[in-house]
Amino acid sequence: MERYAAALEEVADGARQQERHYQLLSALQSLVKELPSSFQQRLSYTTLSDLALALLDGTVFEIVQGLLEIQHLTEKSLYNQRLRLQNEHRGRGTPDP
């Protein structure tokens, strides 16, 4: 009986994932319709479907989140470096004539 319940749960998960895939695919197709026709022709149904499947996998979002964190740290570091350099230049003052 336990195996039967697990099998039903897998089927339900598969159905939910399939529904989510169709939703993402539909959203992607709507976005593509807003593009110029030359770009629309390059994005086949298969390409959009593959992209929708990739979006279903949380890995893509984890990668983007990691890149966002790296960007924030880099920006903070560059800002601090800029402040430090500005303070150094202010400390030097203007040379005497």
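The numbers in the sequence shown follow this note's numbering, run straight up by one, and end at 111.
No residue lacks a Cβ here, since even glycine has one placed at the ideal position from N, Cα and C.
These numbers come from a predicted model, not from an experiment.
Pairwise C-alpha distance: residue j and residue i
i: Leu-26; j: Glu-33; result: For the sequence presented, residue 26 should be read as Ala rather than Leu. For Ala-26 and Glu-33, the distance between alpha carbons rounds to 10 Å.
i: Asn-94; j: Thr-61; result: 43 Å
i: Gln-100; j: Glu-89; result: 16 Å
i: Ser-52; j: Phe-75; result: 29 Å
i: Gly-72; j: Gly-28; result: 16 Å
i: Ser-91; j: Arg-56; result: 40 Å
i: Glu-24; j: Arg-17; result: 10 Å
Residue j beta carbon less than 9 Å from that of residue i
i: Leu-87; j: Gln-31; result: no
i: Leu-67; j: His-35; result: yes
i: Leu-39; j: Ser-63; result: yes
i: Leu-49; j: Leu-65; result: no
i: Gln-37; j: Lys-47; result: no
Would you mind listing the alpha helix (DSSP H) stretches within the stretch 25 to 72 that are 4+ residues and don't spill past its ends, in chain order?
Taking 4 residues as the shortest admissible run, the stretch 25 to 72 contains the following complete alpha helix (DSSP H) segments, listed from N- to C-terminal end: 51 to 54 and 59 to 70.
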